[in-house]
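S.K.: One structure follows; several queries about it will come next.
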DNA sequence: TGATAACGATACGAATCTGTTTCGTATCGT
DNA sequence: ACGATACGAAACAGATTCGTATCGTTATCA
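Chains as they are written, first to last, in my numbering: chain A, 4 to 213; chain B, 4 to 213.
See the structure below:
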């Protein structure tokens, strides 16, 4: 994204934010464009379905307004994905089980919508065709969250709540895979509120009699 | 797919397969077209990336040859997906664990390649855009396999190898989700041979100390 | 040999998308 | 008021795709 403010320094002054001349860029347009991009990425099922014209139409914006901000489609999508960076969820830390459930729930449904899973599926699916997009999305959006789950699992081993030989990466594949898969499979259909809990409990306890 | 043979009946004869006049259609072309379609579906990450012209080029076939067989792209893809119907894998039946591992392995890698997961991911991703495609793929290709796994799990409960309150659908989401997710994530990268075993063992035993 | 139809190659019109440019208008600081 | 810049709308050339049509060629049968 391009800068919208200039920093100026004078001798007697500290740094001051000033504004370039002319009409300022519309923040509303920024937001509408990013939103439309993500929505199309999900609905059309991939990067190929994201058309600058479709984005413009959906955001009620001229194509000019998009091209003034981003040089091409890929750059736009990169910024749209980066906007999904969000503060980590607060973890109670009471138990591994509670923390994993919190993380699993966030994986599937963020702020009440499932756009996150749709984006994830699309970007993953286009990984071979758009490796840079995939790389940055993984690094900036996905990996930070995975790291949180990883540390929860590590802590669980240290505290003796998990077996010491637990394969952390494996458990992460299982939990996130189940959630993502299920959410994607059911689309807008019903997603039981306790699905995340049941996944976590199954992984913790197993399904064999004890 | 259109018929390539005509059935004719005469009074004194039983049904006889005869052939329409003219040059017969090339079976080699049939196969090459289906193969190219599936390959593109995986490589391009979705239905949108499957171009009739690309299929023709890849199959070394004229576009005419494709349009002579299928009326449009969607019909072609439907038939290409239907070609993935395959005989169920033989299950030893020695234990739930062994059978689940066999099924999990087949889910991830079929006959040495991972095209199956790629197709699965693509068709799933385009589910909203091409619901008919998705529906038929699920019904004809995916569901029969899910049914096998389902019956293995049901049998495991009856035999007492699994807890009676085991949520069968949940376990299926977990196992298939983990495998599909992991295979897709690593692309052409290494896929440890024991991944399927470890997933199944984790789900069976859980990761908490016992 | 002749009839028939599939073959690959190629061209086509209609439609769509990209990225650029031009237009007149709107919104800012001075 | 004036200069500067962003705004949406529209037109544009070039590329790509779809589905059709038209070549001359090739395979099969009678």
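Glycine residues also receive a C-beta, built at the ideal position from the N, C-alpha and C atoms.
Just so we're clear, the structure is a prediction, and the values are computed from it rather than from any experiment.
#1: Whose C-beta lies closer than 8 Å to the C-beta of residue 89 of chain A among residues of the same chain, with five residues either side of it excluded?
#2: Whole angstroms are fine: how far does the CA of residue 210 of chain A sit from the CA of residue 79 of chain B?
#3: Assuming residue 181 of chain B and residue 107 of chain A form a contact by the criterion Cβ under 8 Å, report the distance between their Cβ atoms to the nearest whole angstrom.
#4: For residue 73 of chain A, decide whether its Cβ has a neighbour in chain B, counting only Cβ atoms nearer than 8 Å.
#5: Could you check the C-alpha separation between residue 200 of chain A and residue 96 of chain A for me, to the nearest Å?
#6: If you measure from the beta carbon of residue 153 of chain B to each beta carbon in chain A, is any gap under 8 Å?
#7: For residue 177 of chain A, go through chain B and note every residue whose CB falls closer than 8 Å to its CB, in chain order.
#8: Under DSSP, the alpha helix (DSSP H) around residue 191 of chain A begins and ends at which residues?
#9: Go to residue 112 of chain B, then tell me how far its alpha helix (DSSP H) extends in each direction, as first and last residue.
#10: Take the Cβ of residue 168 of chain B as the centre, count every other Cβ of all protein chains shown within 10 Å, and call the residue buried at 16 or more, exposed below.
#11: Residues of chain A with a CB under 7 Å from the CB of residue 210 of chain B: which are they?
#12: Which value, in whole angstroms, describes the spacing of the CA atoms of residue 46 of chain B and residue 35 of chain B?
#13: Comparing C-alpha positions only, which one of B:194, B:22 and B:51 sits nearest to residue 132 of chain A?
#14: Buried or exposed: where does residue 162 of chain A fall if 16 or more other Cβ atoms within 10 Å of its Cβ makes it buried?
#15: So which residues on chain B does residue 116 of chain A lean against when the C-beta distance must stay under 8 Å?
#16: Count the other C-beta atoms from every protein chain shown that fall within 10 angstroms of the C-beta of residue 2 of chain A, then say buried if there are 16 or more, exposed otherwise.
#17: Counting only C-beta atoms, is residue 101 of chain B closer than 8 Å to chain A at any point?
#18: Taking the alpha helix (DSSP H) that residue 124 of chain A falls in, what are its first and last residues?
#19: Using beta carbons (cut-off 8 Å, strictly below), is residue 199 of chain A in contact with chain B?
#20: In angstroms, rounded to a whole number, what distance separates the CA positions of residue 160 of chain A and residue 172 of chain B?
#21: I need the DSSP call for residue 199 of chain A, collapsed to helix, strand or coil.
#22: If we count the other Cβ atoms within 10 Å of its Cβ and call it buried at 16 or more, is residue 62 of chain A buried or exposed?
#23: In this structure, does DSSP put residue 28 of chain A in helix, strand or coil?
#24: So, is residue 125 of chain A buried or exposed, given that buried needs 16 or more other C-beta atoms within 10 angstroms?
#25: Keeping to the same chain, check which residues put their C-beta closer than 8 Å to that of residue 198 of chain A; ignore five residues upstream and five downstream.
#26: Counting only beta-carbon atoms, is residue 196 of chain B nearer than 8 Å to chain A?
#27: For the putative contact between residue 263 of chain B and residue 118 of chain B, defined by C-beta atoms under 8 Å, what is the C-beta separation to the nearest angstrom?
#28: Output, in chain order, the set of chain B residues within a Cβ distance shorter than 8 Å of residue 127 of chain A.
#29: DSSP three-state label for residue 42 of chain B, please.
#30: Using Cβ-Cβ distances below 7 Å, what residues of the segment 38-66 of chain B are close to chain A?
#31: Suppose the cutoff is 6 Å on Cβ atoms and the five residues either side in sequence are ignored; what does the same chain contact list for residue 151 of chain A look like?
#32: Alpha carbon to alpha carbon, how far is residue 85 of chain A from residue 22 of chain A? Give it in angstroms, no decimals.
#33: Rounded to whole angstroms, what is the Cα-Cα separation between residue 123 of chain B and residue 76 of chain B?
#34: Does residue 104 of chain B come within less than 8 Å of chain A when only Cβ atoms are used?
#35: Using beta-carbon positions only, say whether residue 174 of chain B and residue 179 of chain A come within less than 8 Å of one another.
#36: State yes or no: is the C-beta of residue 49 of chain B within less than 8 Å of the C-beta of residue 128 of chain A?
M.R.: To lay it out plainly:
#1: 113
#2: 42 Å
#3: That pair is no contact at about 13 Å.
#4: no
#5: 16 Å
#6: no
#7: 177, 180, 181, 202, 205 and 206
#8: It is not in any alpha helix (DSSP H) - residue 191 of chain A carries neither H nor E in the DSSP assignment.
#9: No alpha helix (DSSP H) contains residue 112 of chain B, which DSSP labels as neither H nor E.
#10: exposed
#11: 165, 166, 169, 174, 206 and 207
#12: 16 Å
#13: B:51
#14: exposed
#15: Those do not exist, as residue 116 of chain A stays about 14 Å from chain B at its closest Cβ, beyond 8 Å.
#16: Absent from the structure is residue 2 of chain A, since the part of chain A shown begins at 4 and ends at 213.
#17: no
#18: 118-128
#19: no
#20: 29 Å
#21: helix
#22: buried
#23: coil
#24: buried
#25: 111, 182 and 185
#26: no
#27: Here chain B has residues from 4 to 213 only, and residue 263 of chain B is not among them.
#28: 124, 187 and 188
#29: helix
#30: 46, 47, 48, 49, 51 and 52
#31: 91
#32: 25 Å
#33: 18 Å
#34: no
#35: no
#36: yes
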